[in-house]
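Chemist: Following this message is one structure expressed as structure tokens.
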Amino acid sequence: MKRSYRAELETLEKLLIIYCRARHGGRALCAGCRELLDYSSERLRLCPRHPKPACKDCPVHCYSPVMRDRVREVMRYAGPRMAYRHPLLALRHLLGF
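Put into structure tokens, the structure is as follows:
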């Protein structure tokens with residue numbers, strides 16, 4: 000089963016919250032992390048592939064190289080921590096639901 004736009008966005012938002020709180024402090028997303036979330040939301044919304052594959056497996060690179068590196072950094076840090084903060088969301092993401 001393929002994940003919906005809403006589920007992808009929810010996962011990304013949770014990842015960014017974990018990352019931003021640890022790296023930048025504060026309860027809300029900082030301006031840089033908010034910009035990354037907005038950019039990623041637009042990329043997800045405009046994805047030309049149906050069904051949408053994982054971005055790392057997609058032949059079309061929608062993200063700019065700088066933004067792609069920023070998302071990778073967020074995922075590398077926050078991905079393992081998702082299992083502790085949001086276990087059901089992490090499991091759903093791993094299983095592709």
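Numbering that gives the first Met the number 0 numbers the first residue of the sequence shown as 0 and each following residue consecutively.
The beta-carbon is built from N, C-alpha and C at its ideal position, and this holds for glycine as well.
1. So, are the CB atoms of Tyr18 and Tyr76 less than 8 Å apart?
2. Give the single residue among Leu14, Glu7, Cys54 and Ala6 whose Cα lies nearest to the Cα of Arg80.
3. Decide if Glu7 is buried, meaning its Cβ has at least 16 other Cβ atoms within 10 Å, or exposed.
4. Can you say whether Met0 is buried or exposed, counting buried as having 16 or more other CB atoms within 10 angstroms of its CB?
5. Starting from Tyr76, trace the alpha helix (DSSP H) in both directions and tell me its first and last residue.
6. Evaluate the contact criterion for the stretch 25-33 versus the stretch 41-57: three or more CB pairs, one atom per stretch, below 8 Å.
7. Decide if His60 is buried, meaning its Cβ has at least 16 other Cβ atoms within 10 Å, or exposed.
Modeler: In brief:
1. Here residue 18 is taken as the residue at index 19 of the sequence shown, counted from 1. Here residue 76 is taken as the residue at index 77 of the sequence shown, counted from 1. In this structure, Tyr76 lies closer than 8 Å to Tyr18 by Cβ.
2. On the sequence shown, residue 80 is found 81 positions in, with the first residue counted as 1. The shortest Cα separation from Arg80 among Leu14, Glu7, Cys54 and Ala6 belongs to Leu14.
3. Indexing the sequence shown from 1 puts residue 7 at position 8. With 16 or more Cβ atoms within 10 Å of its Cβ, Glu7 is classed as buried.
4. Start at 1 with the first residue of the sequence shown, and residue 0 comes out as number 1. With a pLDDT of 39 at Met0, under the threshold of 50, the modelled position of this residue cannot be trusted; read the value that follows with caution. Label assigned to Met0: exposed.
5. Within the sequence shown, the letter at position 77 stands for residue 76. Segment Pro64 to Arg84, the alpha helix (DSSP H) holding Tyr76.
6. no
7. As a working note, residue 60 is residue 61 in the sequence shown. Exposed, since its Cβ has fewer than 16 Cβ neighbours within 10 Å.
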